[in-house]
Each structure stands twice: as structure tokens, then as C-alpha cells.
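Number of protein chains: 2
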Amino acid sequence: MKFSSPDIAVHKPIPEPLESEYPVKAWGVEKFGENFKPLTIYRYQVGEYDVKFQIKFCGICHSDVHNVLNEMSTKYGSTYPIVPGHELVGTVVEVGDKVTRVKVGENVGVGCIRDSCLLCDVCDRGEECYCVRGFTHTYNTPKKKEHCHIGGNPEVQNWGGYSEFDVIHEHFIIKIPDDMPLEKAGPILCAGITMWSPLNHWGATDTTKKLNIGIVGIGGLGTMGIKLASALGHRVVAISSSDKKRELARSKGAAGYVVSNDPASVAEESGKLDLILNTVSAHHSLTPYITLLKTDGTLVNMGCIAAPMEYNQFSLLLKRASIAGSLIGGIPATQEVIDFCHKNEVYPDVELVGVGDLERVYTELQENNSGAVRYVLDIKSFEESE
Amino acid sequence: MKFSSPDIAVHKPIPEPLESEYPVKAWGVEKFGENFKPLTIYRYQVGEYDVKFQIKFCGICHSDVHNVLNEMSTKYGSTYPIVPGHELVGTVVEVGDKVTRVKVGENVGVGCIRDSCLLCDVCDRGEECYCVRGFTHTYNTPKKKEHCHIGGNPEVQNWGGYSEFDVIHEHFIIKIPDDMPLEKAGPILCAGITMWSPLNHWGATDTTKKLNIGIVGIGGLGTMGIKLASALGHRVVAISSSDKKRELARSKGAAGYVVSNDPASVAEESGKLDLILNTVSAHHSLTPYITLLKTDGTLVNMGCIAAPMEYNQFSLLLKRASIAGSLIGGIPATQEVIDFCHKNEVYPDVELVGVGDLERVYTELQENNSGAVRYVLDIKSFEESE
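Protein chains in written order, with this note's numbering: chain A, 1 to 386; chain B, 1001 to 1386.
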């Protein structure tokens, strides 16, 4: 694992627990540059609106790699120790007195959002990830004291899902149907909602419409996008810089395939796409995608790219096209995508790994994020590793 | 008047008329680099769907200056002789047998669109300016032979509105109410629709909504935008690079004013605007405008800017914001804005000029396009100049 930007890494050792806190076994990186190892973190007692659950699986997202290896930003470093993971699924073991949404024994999940203000009109609309005061990410974030629904020591960073238990306000809990394969549910809480949210916002969950939808980047996000858009009844065109992903894209449901570096291939679908979801997170040209859009079409980018992106304004004017950005999705939409995937048996391709595999998996994801398989950490492996 | 790019200017002298054509007096530039002078052009006889009208006034748009001075593109030159003008208003003098929309004696107008295919689904939706086969501009364009609703010699370029008569397919005619001040109607067919179309497309003509709308660039387009958005009941924030236009913007109806180069001024309206219409046609930074947008806000650019534009993708992601382009508007929307302006007495600020003023006005517009007054050519001045 290659860490970045040592100068901005923040060190904030785990303090002694409060009297009300209790130890939970976790797996994380204690100090910048070190390998994964078992850590003891402290979770808080269930408050009246809280849900405590035993974590069974936690998906390994590419942004976990960025967070752990201090690659998220060149300005704001990660805080160590760090326990990553924002695709948590497990079973409820305790609920607060006022919790109404779930019961002990039910399966639940938590995605990228641990908290938001729940006061602003954006939270009111169930778009917590766009909370005007900023949402609190599941891990590697400080608690926001002015609107906190997170208990425990307010000075300690939040811990993610590579751990045996978590506690969270019921607002941020996603219900997982009993008969949904639990090991496949985690990545839906991140990759799934990241693709579902723009499909929903730009009209593609209205199944009375038959749209032409492009998906750029045929990795973990892209294949999930192909599956969701196909299951919604749309014609899906996979878009990749080379021809290498053609068969993979077809096998996931793509009816068309465009090689974005080949003008002849772009010309075949030129002006045909209503919506393009672009998952590429490295700097690249947007020109071929704008060419592919119809009048009034929208190119939605999901990649966190720091360098300025360029576009040709005239090409937008000529077809009243839009370039937009989209970030995960709110809690109601996350519940929707879980329920849609359950009903339609749309699941990510996952590979279960144990804590002993973390260095290998992280190195692989850092070197090449083009795989369509989402790795999922089996929390059982904690015990086996002892 | 300073002309550009002599190498790409196209010379195509006016040929002898067809037997069916007749002479019409016009004012134009015969050869690249010359001044305006009287020209004899030929219009065609009224066909069964055509409307012939006597032109009374023609607005002088900044893009007339670009066309006449060969500044529209560095690749495709203007064709000389050139007769500019795409804000024509006048009175019907003859109609074809099958014309149903207007009668002799009624006032009418023609904007930027002389023709489109009328076959594609975009034309079907009344968005002729986004015709998938490309619309035909009112002047300085060749006729498209494969879907032509324009009569006369198919080899001759189209002539604009600095002329005494025009003939056009009734589809592209806009009806001007009898009691509308005719000299003020022309600029609505270009500046008016350019602002109305994005207001309409992005939800601001739904008067049950009260939006916060930013208008960038307080010139001819911008002041029209302020007037329209205010008349629709929205809160309008004028946005300019300096403080100089504050009083002008206020007098046209802007409730707020942001100096885009002043971070403290931007901070005052940060995250508050639902929609921003950006009329600036020179290269500039979009960052302050994105800062001003709300969650789900849209920045619509109307300026024809050839150099690549830059934006920060992360800033779009964090509020699911969009950057879009918009180009004039279709025929139904153009009729709507004329009718809205009539009903609400929203008119551009115009100054009548004669043919003797053309060099002065063109030089002024080329040197400084920041004026809020739209010049309008009084076609009566043709006679007076003789």
C-alpha cells in the first residue's frame, strides 16, 4: 500500500473511553504508512433514537483506498487511526425507546451518510448528502457539534464498518429485506445509490419512458449502472476508452458499446443519448460524451476530480445540453435502490475477502480500479485471524 | 468598422434574378472591408405557405456586428454581399393560398430562424433552433436544399432584415399584437427569446414558483433578462464583474446585486440561487456563479465562446449542480415571449437609428457591448437617405 502526502496526515490517537462507551473490535490503520491491524475502538450506548447492529459484511469501496492511503485531497489529510468502510450490513441487536423503523433481529445497512443536520430544506426533501450544512461521512470525519445525531465522545473521529458493531441514529438506517443476500447488499449502499440517484433525478426511474442511457467507465460503478438502467427498461450504451470491456459490458446488459477514443465509434451513437452517467475519476476529455448527447441531454459526472475540467460551450449551446455532478444519494433513494435491487434481483458482482487480504486488495485497487467485481470484507474473518 | 480574418471571407456576388424574382431595396456590405451602402437584392414570389411583409424596423443585434465584420468564427467566414438583421418587424402585404396564421394588414415579426427541417422530433416539439438537421439562420447562410421552405434561387445566400420586404414560410412568422409598439418588438425576437427560452425550460415561467434567479452581464440581454424574470415574480440578482452596473440593474428590477470579482459580495448570496442566466460572451471564470447556486441549481450560459471553458467538478458534485447551454428559442416560445411582453408591458430599451448611423453604431458595439440600449434600424431612413 502506497501512502500519499505525509505532511498533511493528521494523527489523533484513540483516547480513553468515556464511562458510557464500550470496546468494539475493528480493523484499521493506526498510523500513516502502516499496514492494517486489529484496533479497539469505542462505540456509544444506544440513545432513544439509535440502532445498534452487528456488522456481518462491509464492502470495500475505492474511496476507502483513497481515505486510508491519504489520497482524498492535497489539502486535507486523513486522520489516523482510521477504520474505513461505508457499505455496512448486519443485524439489529438493540434499539432505543423511540425507534420505530426497525426491530431487533432485522437486517439493516448503513451507507456513506452517518449524520446530517435534518433541519434544512434539502434534508427535508430526503437529499441528506446535499445538506446545506454538509453531511457527516460514515468515517474519517469529525462530528459536527452544532447538529449532532452521533453520541459518544464528541472529540473522536467517526469509525467505519471494518468493525464488529455500529450504532447510528435510525434516520440513517437502511432496511435490508430478510431474503436479500446480505453479502451483496453492502455495495448497493454506495455503488448502487451512486448510480441510482442520478437515474432517479434525471427521470430514468419513470419506467413509462424508454431512454437511451450511456454509462462511461465499465468498472464496479459502471457495471452496476448498466444493470440498474437495463433493469429499468432502458437501452444502455457502455462507453469506454478502448474495446477491452465490450464483452463484459454486453454480459451485464449493455445493448450498445462506444469506444470514446474512436471517432467512427462515437459517430455511430452521435446525438442519440438522453443521459450519460460518467464514472471516470481521472482527468479526461468530455468532448466525445457531449457529441453522444441528444438535444436536452445531460452528462452527469460522478468522479471526484480535482484538476479543472474543460468543455466546449458552443457544443452545449447547440443542443441545450447540460453537464452536471452527482454525489451518492439521500436516505429515501438509498432505500429505494435496495428495494428495487431486491425485487428485480439486481446485484453487484462481489468477492468475499478476509482481513488477511486487505493489503493485497488495497494495492490492487490503487493500481487498477477497472475491475467490475466489488470486494466485500467478511467480518467473520476477524475471529479466524486470531 | 474593423473587419477580421480576410482569408476566410467568402465572396458570392448577387446573380441576375430568376424570372420569378423581383428587386427589393436593402442596406448591406457588398464586399469584405467596405462600408454599408444600398444594395438591390431579390426576393421570391409568395408560395402557397408564404407570407410577404413590409419591414418597418429591424433591431441591430451584437451578432450582426460579428457577422458583418467576419468575426463569427475563425474557420467559416461570412459571405459577401451581406445584408444583416434578424429582428424584423413589419406588416403583412401578401399571403399564399394556404396560409392560415396571418392576414394582410397584420403586424408580424421574424427572428433568427428562417427555416428548419420541420420533420424531426425536435422541430415537432417546437424547438426549431435545435433541429437535428440544423436550423437555417435568417441571413448569411446557404439554403439547405434537402429540406427547404425557402423559395427563389437556391444558390443565393439568405438576406436579413435591413431591407424593405421579406418573404418567409408562415411557420416561422411571429404575430405581433396590433397595439404593441412596433419599434420595441424586434429585439424581443432575439434578446427577449434568448432569455425567455431558458427561463421557460428551467421552470421559471411556472409562476406558482418563486425562484431566486441570477442574471450575469448587465447589457442588452441581461437587462431584458432582469425585466422578464422580475415580471414573472421572481427575486432577481444581477451579477457583474464590477460595481458599475448596480444602479442600472436596480432600475430594471433587480432586487440583489453581486460583484463576481469580490468574494465578500459573492458570499452574501452564496448557495441562494436556483437558476443563473449568464450572458457573457467573452472567456471568463464560472467559479463564482457555481458558488452562488443552490443544491440542484443550474448555470445556463448563452455566450458563444470558442475557447474551452473550465469548471471544478467537485463543486458541481457537492450540490448536484448543472452547467448548461442555451441558444435563442423555438417558434412557439418566441410567440409566448411576445405575448407575455405585450400583456405585461415588458419592453427592451431601444434607440431608433437610421442607415446613416450604421457605421457609428457598429463601431460602438464592436468596441463596447455593455450598453443596455438596443439599437433599432428604422427602415423609413432608406428613403430619407436618398
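Even glycine gets a Cβ: it sits at the ideal position worked out from N, Cα and C. Please read these numbers as outputs of a predicted model, since none were measured by experiment.
Using a Cβ-Cβ cut-off of 9 Å, state whether Lys319 (chain A) counts as contacting chain C.
-> Absent from the structure: chain C. Protein chains present are A and B.
Does the Cβ of Lys244 (chain A) have 16 or more other Cβ atoms within 10 Å, making it buried, or fewer, making it exposed?
-> As a working note, residue 244 (chain A) is residue 244 in the first sequence. Looking at its Cβ environment, which holds fewer than 16 other Cβ atoms inside 10 Å, Lys244 (chain A) is exposed.
Based on Cα-Cα distance, which residue from B:Glu1247, B:Ser1241, B:Met1224 and B:Gly1214 lies nearest to Arg1235 (chain B)?
-> On the second sequence, position 235 is the one that residue 1235 (chain B) refers to. Comparing Cα positions, the closest option is B:Gly1214.
First and last residue of the uninterrupted alpha helix (DSSP H) at His1201 (chain B) = Along the second sequence, read from residue 1 onward, the residue named residue 1201 (chain B) stands at position 201. Ala1191 to His1201 is the extent of the alpha helix (DSSP H) around His1201 (chain B).
Starting from the beta carbon of Phe314 (chain A), find every residue of chain B whose beta carbon is closer than 8 Å, and list them in chain order.
-> Residue mapping note: residue 314 (chain A) aligns to position 314 of the first sequence, counting from 1. Within 8 Å Cβ-Cβ: Cys1304, Ile1305, Ala1306 and Gly1325.
For His137 (chain A), write down the residues that DSSP places opposite it in a beta bridge.
-> The residue you call residue 137 (chain A) lines up with position 137 of the first sequence. Paired residues: A:Ile113.
Quick one: grab the DSSP three-state call for Ser315 (chain A).
-> Residue numbering aside, residue 315 (chain A) sits at position 315 when the first sequence is read from its first letter. It is helical.
Partner residues on chain B for Thr74 (chain A), Cβ-Cβ distance less than 9 Å | Indexing the first sequence from 1 puts residue 74 (chain A) at position 74. Going along chain B, no residue has its Cβ under 9 Å from Thr74 (chain A), so there is no contact; the nearest lies around 12 Å.
Say whether chain A places a C-beta atom closer than 9 Å to the C-beta of Ser1322 (chain B).
-> What you label residue 1322 (chain B) is simply residue 322 of the second sequence in a count that begins at 1. Taking Cβ atoms only, chain A reaches closer than 9 Å to Ser1322 (chain B), which makes this a yes.
Residue closest to Tyr391 (chain A), alpha-carbon to alpha-carbon, out of A:His169, A:His201 and A:Leu199 | Coverage of chain A is limited to positions 1 through 386, which leaves residue 391 (chain A) absent and any answer about it impossible.
Determine whether the Cβ of Tyr289 (chain A) lies closer than 9 Å to any Cβ atom of chain B.
-> Here residue 289 (chain A) is taken as the residue at index 289 of the first sequence, counted from 1. Cβ-Cβ to chain B under 9 Å: no for Tyr289 (chain A).
Specify, as a first and last residue, the run of the beta strand (DSSP E) that Ala238 (chain A) falls within.
-> As a position in the first sequence, residue 238 (chain A) is number 238, starting the count at 1. Note, Ala238 (chain A): beta strand (DSSP E), Arg235 to Ser240.
What residue range is occupied by the uninterrupted beta strand (DSSP E) comprising Cys59 (chain A)?
-> Position 59 of the first sequence, counted from the first residue, corresponds to residue 59 (chain A). The sequence given here has Gly at residue 59 (chain A), not Cys. Taken as a continuous stretch (DSSP letters only), the beta strand (DSSP E) holding Gly59 (chain A) covers Asp50 to Gly59.
Could you tell me which residues DSSP pairs with Tyr1042 (chain B) in its beta bridges?
-> Numbered from 1 along the second sequence, position 42 holds the residue referred to as residue 1042 (chain B). DSSP output for Tyr1042 (chain B) lists B:Pro1023 as bridge partner(s).
Provide the residue(s) that pair with Thr1390 (chain B) in DSSP beta bridges, ordered along the chain.
-> Only positions 1001 to 1386 of chain B appear in the structure, and residue 1390 (chain B) is not among them; the question remains open.
Figure out for me which residue from A:Leu352, A:Ile338 and A:Gly111 has the closest Cα to the Cα of Val346 (chain A).
-> What you label residue 346 (chain A) is simply residue 346 of the first sequence in a count that begins at 1. The option with the nearest alpha carbon to Val346 (chain A) is A:Ile338.
Going along the chain, which residues of its own chain have a beta-carbon closer than 6 Å to the beta-carbon of Gly151 (chain A), five neighbours each way excluded?
-> By 1-based counting over the first sequence, the position of residue 151 (chain A) is 151. Result list for Gly151 (chain A): Tyr44 and Gly47, in chain order.
Leaving aside the five residues before and after Thr295 (chain A) along the sequence, list all residues of the same chain whose C-beta is less than 7 Å from its C-beta, in chain order.
-> Counting from 1 along the first sequence, the entry for residue 295 (chain A) is found at position 295. Closer than 7 Å at the Cβ level, and outside the excluded window around Thr295 (chain A), lie Lys319 and Arg320.
Assess, as a yes-or-no matter, whether the segment 302 to 321 of chain A is touched by the segment 251 to 258 of chain A under the definition of 3 or more beta carbon pairs within less than 8 Å.
-> no
With distances taken between CB atoms, is the gap from Thr1279 (chain B) to Val1216 (chain B) smaller than 9 Å?
-> Here residue 1279 (chain B) corresponds to residue number 279 of the second sequence, with the count starting at 1. Here residue 1216 (chain B) corresponds to residue number 216 of the second sequence, with the count starting at 1. Yes. Within cutoff.
For Val259 (chain A) versus Thr291 (chain A), is the C-beta spacing smaller than 9 Å?
-> Stepping through the first sequence from its first residue, residue 259 (chain A) is reached at position 259. Stepping through the first sequence from its first residue, residue 291 (chain A) is reached at position 291. Their beta carbons are not under 9 Å apart, which means Val259 (chain A) does not touch Thr291 (chain A) by this criterion.
Candidates A:Val376, A:Glu351 and A:Gly330: which alpha carbon is nearest Phe135 (chain A)'s?
-> Here residue 135 (chain A) is taken as the residue at index 135 of the first sequence, counted from 1. That would be A:Gly330, whose Cα lies nearest to the Cα of Phe135 (chain A).
C-alpha distance - Val300 (chain A) paired with Trp1202 (chain B), whole-angstrom precision = For this step, residue 300 (chain A) is matched to residue 300 along the first sequence. For this step, residue 1202 (chain B) is matched to residue 202 along the second sequence. If you take the alpha carbons of Val300 (chain A) and Trp1202 (chain B), they lie about 17 Å apart.
Which term fits Pro1015 (chain B), buried or exposed, when burial requires 16 or more other beta carbons within 10 angstroms of its beta carbon?
-> The sequence position of residue 1015 (chain B) within the second sequence is 15, counting from 1. Result: exposed.
From Arg1133 (chain B) to Gly271 (chain A), what distance separates their C-alpha atoms?
-> Here residue 1133 (chain B) refers to the residue found at position 133 of the second sequence. Here residue 271 (chain A) refers to the residue found at position 271 of the first sequence. Arg1133 (chain B) and Gly271 (chain A): Cα-Cα distance of roughly 11 Å.
Exposure label - His1086 (chain B); buried when at least 16 CB within 10 Å | Locating residue 1086 (chain B) in the second sequence gives position 86, counting from the first residue. Buried is the call here.
Would you say Thr1091 (chain B) faces chain A, with C-beta separation under 9 Å as the test?
-> Mapped onto the second sequence, residue 1091 (chain B) falls at position 91. Answer no: the Cβ-Cβ gap between Thr1091 (chain B) and chain A never drops below 9 Å.
Tell me whether Asn1067 (chain B) sits in a helix, a strand or coil according to DSSP, three-state version.
-> By one-based count along the second sequence, residue 1067 (chain B) stands at place 67. Asn1067 (chain B) falls in the helix class under three-state DSSP.
Please state if the CB of Glu164 (chain A) and the CB of Ile55 (chain A) are separated by a distance shorter than 9 Å.
-> Taking the first residue of the first sequence as 1, we reach residue 55 (chain A) at position 55. Taking the first residue of the first sequence as 1, we reach residue 164 (chain A) at position 164. Yes, Cβ-Cβ distance for Ile55 (chain A) and Glu164 (chain A) is below 9 Å.
Can the beta-carbon of Val65 (chain A) be found less than 9 Å from the beta-carbon of Gln366 (chain A)?
-> Numbered from its first residue, the first sequence carries residue 65 (chain A) at position 65. Numbered from its first residue, the first sequence carries residue 366 (chain A) at position 366. Result yes, Cβ atoms of Val65 (chain A) and Gln366 (chain A) sit closer than 9 Å.
According to the Cβ coordinates, are Leu277 (chain A) and Pro198 (chain A) closer than 9 Å?
-> In the first sequence, residue 277 (chain A) corresponds to position 277, counting from 1. In the first sequence, residue 198 (chain A) corresponds to position 198, counting from 1. Yes, they are a contact pair.
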